[in-house]
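So the protein lines, in turn, are chains A and B.
The first sequence: position 100 = 102 (the working numbering), numbered continuously.
The second sequence: position 302 = 312 (the working numbering), numbered continuously.
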Amino acid sequence: MMGRTIFIDPGRCIGCQACVSACRECDSHRGTSMIHLDYTDEGHSVASLPTVCMHCEDPVAPCAEVCPADAILVTADGVVQQADTTRCIGCANCVNACPFGVPKIDLGAKLQLKCNLCYDRTAYGLAPMCATVCPTGALFYGTVEELQAERPGVQVADTFVFGETEVRTGVAMVVPAEKVRWPVPGGLPVVEINGKDVRR
Amino acid sequence: MTAEPRAAADRRTFIPLDPSLAPPGTRAFRDAGGIPADRWHADQNGETLVPTHCCFCGVQCGMYLRVDRGGKVFGVEPRNHDINRMRLCPKGINAYQQVNHPDRLTAPLMRRSRDEEFREVSWDEALDFTVAEVKRIQQAYGNDAFGLLGGASLFSEKTYLVGKFARVALKSRHVDYNGRLCMVSAAGANKLAFGIDRAGNPFSDILLTDCLLIAGSNVGECFPVMTQYVWGARDRGASLIVVDPRETAIARTADIHVALKPGTDSAFFTSVLNVVIAEGLTDENFLAAHATGWEEVKAKAAEYPPSRAARICGIPAEQIVQVARTFARAPKAMAWHARGIEHHSQGVENCLSVISLCAATGHIGKPGAGYGTITGQGNGQGGREHGQKSDLLPGGRSITNPEHRRQICEIWGIEESELPPAGTSMMEMVWQMQRREIRGLIGICNNPFVSLPNYRVVKEGYDATEFHAQFDFFLSETAANAHVVFPVTTWAEDEGVMANAEARVVKHNKAQDPPPGVRTDTWVMCELARRLGAGDKFDFSGSRAVFDELRTASAGTVNDYYGITYERLEETGGIAWPCPSTDHPGTPRLFEDGSTYHPDGKIHLQVVEWHPPMDPYDDEHPMSLTTGRTVAHFLSGNQTRRLGALVEQTPRPWAEIHPSHGFRNGEPVRIVTRRGSEVFPALVTEAIRPDTVFVPYHWPVPTAANALTIDALDPRSKIPEYKVCACRIEHADRIDEVPAPPVAPGHVAYPETQVSRTDPLPPTSPQGRGTSERS
Ligand code: SF4
Ligand code: SF4
Chain A
3 MMGRTIFIDP GRCIGCQACV SACRECDSHR GTSMIHLDYT DEGHSVASLP TVCMHCEDPV
63 APCAEVCPAD AILVTADGVV QQADTTRCIG CANCVNACPF GVPKIDLGAK LQLKCNLCYD
123 RTAYGLAPMC ATVCPTGALF YGTVEELQAE RPGVQVADTF VFGETEVRTG VAMVVPAEKV
183 RWPVPGGLPV VEINGKDVRR
Chain B
11 MTAEPRAAAD RRTFIPLDPS LAPPGTRAFR DAGGIPADRW HADQNGETLV PTHCCFCGVQ
71 CGMYLRVDRG GKVFGVEPRN HDINRMRLCP KGINAYQQVN HPDRLTAPLM RRSRDEEFRE
131 VSWDEALDFT VAEVKRIQQA YGNDAFGLLG GASLFSEKTY LVGKFARVAL KSRHVDYNGR
191 LCMVSAAGAN KLAFGIDRAG NPFSDILLTD CLLIAGSNVG ECFPVMTQYV WGARDRGASL
251 IVVDPRETAI ARTADIHVAL KPGTDSAFFT SVLNVVIAEG LTDENFLAAH ATGWEEVKAK
311 AAEYPPSRAA RICGIPAEQI VQVARTFARA PKAMAWHARG IEHHSQGVEN CLSVISLCAA
371 TGHIGKPGAG YGTITGQGNG QGGREHGQKS DLLPGGRSIT NPEHRRQICE IWGIEESELP
431 PAGTSMMEMV WQMQRREIRG LIGICNNPFV SLPNYRVVKE GYDATEFHAQ FDFFLSETAA
491 NAHVVFPVTT WAEDEGVMAN AEARVVKHNK AQDPPPGVRT DTWVMCELAR RLGAGDKFDF
551 SGSRAVFDEL RTASAGTVND YYGITYERLE ETGGIAWPCP STDHPGTPRL FEDGSTYHPD
611 GKIHLQVVEW HPPMDPYDDE HPMSLTTGRT VAHFLSGNQT RRLGALVEQT PRPWAEIHPS
671 HGFRNGEPVR IVTRRGSEVF PALVTEAIRP DTVFVPYHWP VPTAANALTI DALDPRSKIP
731 EYKVCACRIE HADRIDEVPA PPVAPGHVAY PETQVSRTDP LPPTSPQGRG TSERS
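Pasting the structure below:
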C-alpha cells in the first residue's frame, strides 16, 4: 500500500455518484469519468461500491506489464498513470489484463483512459477529486494511520487472490472487522488485513 | 506493513512533481497551503475561485466557483467549509453548469393571450404590461384578486422583498411560497412545542450522539453530504434507527430499520412513547422542570400499546419495543426527520409525536441530544422567516398579532390599516384561482406545474388566471403557461444569505455578472413597485441594502438577525440565529439552559391522535403510493433536468415495486389513483414494502408523480399529503417519454488557457518523460 492512497469502504457508499461527477471535473480527463459505480445486489438491496484504479504494486500493474507501446508509466510513488498519449496505440491489451476491469478505451481516439489518482492534485498534496467530494467517506484519501484515527478499529486489505496469483495493490479496501475472513466484494478472499497475513 | 520496497527502478517510472514546485498563485499551491479563508484570488492563468455555497438543498455545502479570465463561471472546486469539509453531492458538483447554460432566458418574454407565441420584448414593455394588468385586475375585482407566490430557493433578502412587495406594493393578502410544500409541518410543530421554528442542534452534534433516529428522511439521496455526520456517529459506536417504508442507503446499515406503512408515523412514535413509559425510561425530573402537558400526552400514549400500533403500522410489535429501549436508554439521543413524516395531512402531529419522545426521554438541548428537521430547499429555513409566508411578517412575527403588525408598519412606513390580513396557503391559492377568486398571479422561483399535487387542478387553476407572470432563468413548465416571463439571475450572479437546516446563516457571493438582458429578482421587484406607485418603499440599491432593512426588521424577535452582517458571515463562514447583537456569537444549539422560547420557558407538549391518510384504501386502490426525490435531481427538476451528467445519471422516473407483484424489471406499469393514471418502468426491488410503490417526482406530465398525488392538506400547516395516497398497479403497453428540455453537455468548456493543453497528463518537468524507458 502506498503512503497516502485511496481507501474504499463499500459499507459507507450511498450510490450517489458524486465521485463519478467529480472525476469528470478533474483537469486531467476533462469531461470523462474514470470511476464507475457497481450495484452489488441489484433487486435485493441498494448496496453499491465505486471502482477506481487499484494502482497495483506487486506484480507491478498488469496493465503496464502488457502494454506493447510502453505507454503506461508508473511513478516512483506507485501511481499507475493513464496511457501517455504520445505512445498509446489503443490496442486494448491493458483492458484485458487488468484484473479489476478499470482501463477504458476511447475507440475514436484510439486512446486508453484510466484513473491516474488525480496526479495533478495528489502531486501537490491534495486529495483526488473523487475522495475529496465523496459525501460519506466511502472513498477516503490519506494514510492508513489517518484512516484509523478517524475510524477507530477499521481494518483494511490490500492483497487480492486470483486463482494462483496474488496481487498487492496501492489502493486498499476497508473490510468489516468481524468478517475478516469473508470475501471482499468481488468474491475475492482477503489474505491480508492491516498488513497481517490472516490465512493461517 | 506492506513491506518490500517495490522494484520501481526497473519498471517504467515517472518522476513525480515536487509540491514545492507548484507555482505560487496556482490553485494547487493555494489549496495545498490552505486557501486563505474566503478570499478572492486570481492565479496566473487568470482563474479566480469565488467562495460561495451550493444553490440546492438545505445542507448548503460550501464550494468555490471557478471563474475564468473573462469573468465567466466554468467549474467548481471543493471548499473546506465547516458544513461540508470539501464534500459535495452530484448536484453540487454540476450546479455551476446552469450558470452559462445555453437554455438561459436572456430577454423578457411576453404574449397578450395564451393562444399567442411568446415574443422577446424590452424590459419596459414587459414591466408596463405587467403593471397595467395588475391595475386592471385589482380595479375590477379588488386588491386580493392578485396574488404572489415566492420560493425558498431565493436568498433571504429576496424572500423579505416578496412579502413586502405583496403587502406594500400589491396591497394584497395573497402571498405564499413553495416552502409550504417543504417543511412547514415541522415548523408548525416546533413553534407549538418550543416557540421557535428551527432545528435544535447543529449537524456537528450528530457526531456526539449515542443513538441517532432518522425518520422519513432519505438522507443518502436528499441530503447526501449529511451522511458524513451519520457515518461519523456510527464510527463512535452510535446506534442508528431508520423509520422509512423503503430500505434506503441509510436504512441498509441501520441497527433497526422500521419499514412502516406510509401515513402511520404518529401511531408508531406514540407507541414508542407508550413503551418508554411502561418500562420506566422517562426522565421525570426533566419533564417536571421543563414541560407542560405531560399528563395528557402520557394518557394518550396509553391508548397506543405496541400490539395496536404494530397492526396500524404493519410492523412487528417487538420493533417498537426495541426502538423505545435503544432510544431511551442511550445516554445521548437525537431525532432528525424530513419530508417522509412531514408531507402528510397529519404532518404537524407526526413531528409533535417525535418531539414528545425526545422530551419524555430528556434528550433535548444538550451536545449530542436534541431534534432537527432537515430542510429540503437551500433556504427552506430562511425562506419563511422574513415574511413571504401568508401568515408571517418579517422576524417570524404573526400577521394577526396587533403589536407585531404595528412594529412592521412602523418599519415599512405604512398605516396599520393598510397592511392586509393573513392570506391563504399555496395550494389554497390555486383552488382560489380555479374558482376565479384570484385572477392574476406573479410567480417567483417556483414551478407548481411539477411540484404541486393533483396536476389537473393546478393546470385548471393557472389556466383560469387572466394574467400570469413568472420570474425564472429557464422556461419552466409553469413559466410556459405565463403571459410574461422575466429573465432573472442565478445564485451565482448576485449576493445574499440563506439559512441552512441548522439555522446557520451563510453568505453566497457573486461569481459573475449576469448575461446581458438578465436582471436580479430584487431589481425587478423594486422596478415593479416603483411603477405601481410604491417606489419610495422599495428604494434598494441591491441585496446589501435589503439585508440591512431585514436585520432591523427582525431585531428583538425570536428570529433575530440583527447581529449578523455580511462582513461577519464572510469572516466566520456562517452564524446561527438568534443573533441579537454584532458581538453575539450566534446560537448553534437551542435550549441549553432548559428554557424554550415560550413566555413560560417550557416545552408545550401536545396530544396527538393518529388518523388514517386522507385517500382511503379500497378494493380498487389497495396500495400506497409514496413519492420523493432521487439524488441526481432537485425539486421540480427545472434546473437539474437540463444538466447532462445528472440526466445521464437519472434520465427518467420509475416505479419502485416489490417482487411479490410479479412484474419484471423495466416492464411498463400503470399506476392508477383517484386523480389519474401514468405509466412508468418498474424497478423491482425487495427494498420496498409489498403494499407500497414509490415514484420520484421531478418530472412533468406525462410521467409526473404529481398527476397522481392528492391535494389533501394538513389542517394546521397546509402542507399537501405527498407521501401517501391510495393506488393500484396494472400492466401497461408502453411508457410515454417525457419531452426532455435541452440538456447541456456533461461538462463546460475549459477556459482558453487550459484548452491549449492537449496532453491529458498534468504538466511535468522534461525529466518526467525521460525516465520512462523500460529497462
Ligand atoms: S461519492 Fe462516495 S458515496 Fe457517492 S457513490 Fe461515490 S463512493 Fe459512493
Ligand atoms: S445539493 Fe445539498 S448536499 Fe448536494 S452539494 Fe448541494 S448543498 Fe450539498
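Glycine included, each C-beta is placed from N, C-alpha and C at the ideal position.
Original post:
Under a CB-based cut-off of 8 Å, is B:W346 close to chain C?
Top reply: Structure shown: chain C not included; protein chains present are A and B.
**OP:** Within 10 angstroms of the Cβ of B:P326, are there 16 or more other Cβ atoms? Answer buried if so, exposed if not.
**Re:** exposed
Original post:
Using 8 Å as the Cβ pair cut-off and three pairs as the minimum, do the stretch 171 to 181 of chain B and the stretch 508 to 517 of chain B touch?
Top reply: no
Subject >> is_contact[B:G382, chain A] using C-beta, thresh 8 Å >> reply: no
Original post:
Is the Cβ of A:G144 closer than 8 Å to any Cβ of chain B?
Top reply: no
Original post:
If we cut at 8 Å on Cβ distances, does B:W241 have a partner in chain A?
Top reply: Under the Cβ distance rule, B:W241 counts among the residues neighbouring chain A, one pair being separated by less than 8 Å.
**OP:** Leaving out five residues on either side along the sequence, give the residues of the same chain with a beta carbon under 8 Å from the beta carbon of A:T42.
**Re:** P12, A49, S50, L51 and P187
Original post:
Are the C-beta atoms of B:V516 and some chain A residue less than 8 Å apart?
Top reply: no
**OP:** Please decide whether A:P137 counts as near chain B, where near means a Cβ-Cβ distance under 8 Å.
**Re:** yes
**OP:** Please list the partners that B:Q522 has in chain A, where partner means a Cβ-to-Cβ separation under 9 Å.
**Re:** Within chain A, no residue comes near B:Q522; the closest Cβ sits about 18 Å away, beyond 9 Å.
Original post:
For B:G372, which residues of its own chain have a beta-carbon under 6 Å away from its beta-carbon, when the five flanking residues on both sides are left out?
Top reply: D293 and F296
**OP:** Check whether the stretch 128 to 137 of chain A touches the stretch 76 to 85 of chain A, taking contact to mean three or more Cβ pairs, one atom from each stretch, closer than 8 Å.
**Re:** Contact between the stretch 128 to 137 of chain A and the stretch 76 to 85 of chain A is absent: fewer than three C-beta pairs spanning the two stretches fall below 8 Å.
Subject >> Sequence-distant residues of its chain with Cβ nearer than 6 Å to B:T237 (five each side left out) >> reply: V229 and G230
Original post:
Any chance the CB of B:G102 is under 7 Å from a heavy atom of ligand 2?
Top reply: yes
Original post:
In three-state terms, what does DSSP make of B:S687?
Top reply: The DSSP-derived three-state label of B:S687 is strand.
**OP:** Output, in chain order, the set of chain A residues within a Cβ distance shorter than 7 Å of B:P88.
**Re:** T134 and V135
Original post:
Using Cβ-Cβ distances below 9 Å, what residues of the stretch 255 to 275 of chain B are close to chain A?
Top reply: R256, E257, T258, A259, I260, A261, R262 and T263
**OP:** Following the continuous beta strand (DSSP E) through A:E166, name the residue where it begins and the one where it ends.
**Re:** Premise fails: A:E166 is in no beta strand (DSSP E) and is neither H nor E.
Original post:
Any idea what DSSP makes of B:W133, helix, strand or coil?
Top reply: helix
Original post:
ligand 3 heavy atoms versus the CB of A:L141: any closer than 7 Å?
Top reply: Absent from the structure shown: ligand 3. Ligands present: ligand 1 and ligand 2.
Original post:
Can we count B:N786 as close to ligand 2, meaning its CB is less than 7 Å from some heavy atom?
Top reply: Any property of residue 786 of chain B remains undetermined from this structure, which presents chain B solely from 11 to 785.
Original post:
What do you get for B:A665, buried or exposed, if any count of 16 or more other CB atoms within 10 angstroms of its CB means buried?
Top reply: buried
**OP:** Return yes when the C-beta of B:L217 is under 7 Å from any heavy atom of ligand 1, and no when it is not.
**Re:** no
**OP:** Please report the residue range of the beta strand (DSSP E) in which A:Y41 lies.
**Re:** Segment H38 to Y41, the beta strand (DSSP E) holding A:Y41.
Subject >> For B:T702, the first and last residue of its enclosing beta strand (DSSP E) >> reply: T702 to P706
Original post:
Going by beta carbon distance, what residues of the same chain come within less than 7 Å of A:A20, once the five residues before and after it are set aside?
Top reply: V135, C136 and P137
**OP:** Within its chain, find whatever has a CB closer than 6 Å to the CB of B:Y760; leave out the 5 residues flanking it on each side and keep chain order.
**Re:** Confidence at B:Y760 is low in this model, with a pLDDT of 35, below 50, so its placement is unreliable and the value that follows should be read with caution. No residues qualify anywhere along the chain.
Subject >> Assigned exposure category for B:P588 - 16 Cβ within 10 Å defines buried >> reply: buried
**OP:** Say yes only if the C-beta of B:F66 is nearer than 7 Å to one or more non-hydrogen atoms of ligand 2, and no if none qualify.
**Re:** In this structure, ligand 2 has a non-hydrogen atom nearer than 7 Å to the beta-carbon of B:F66.
Subject >> chain A residues whose Cβ lies nearer than 9 Å to that of B:T636 >> reply: Those within 9 Å of B:T636 in chain A number zero; the least Cβ separation is about 16 Å.
Subject >> As assigned by DSSP and simplified to three states, the class of B:M120 >> reply: In the structure shown, B:M120 sits in a strand (DSSP, three-state: E or B).
Subject >> Contacts around A:C96, its chain only, beta-carbon distance under 7 Å, and the 5 residues preceding and following it disregarded >> reply: C65, V68, C69, I74, P105 and Q114
Original post:
Should A:E148 be flagged as near chain B, meaning a C-beta pair shorter than 8 Å?
Top reply: no
Subject >> Beta-carbon gap between B:F496 and B:A142 smaller than 8 Å >> reply: no
**OP:** Determine the closest residue to B:W620 out of B:D482, B:Y314 and B:V467, with distance taken between C-alpha atoms.
**Re:** B:Y314
**OP:** Could you tell me which of B:E257, B:V83, B:F279 and B:Y151 sits nearest to B:A792, measuring between CA atoms?
**Re:** Outside the displayed range of chain B (11 to 785) lies residue 792 of chain B, so it cannot be described from this structure.
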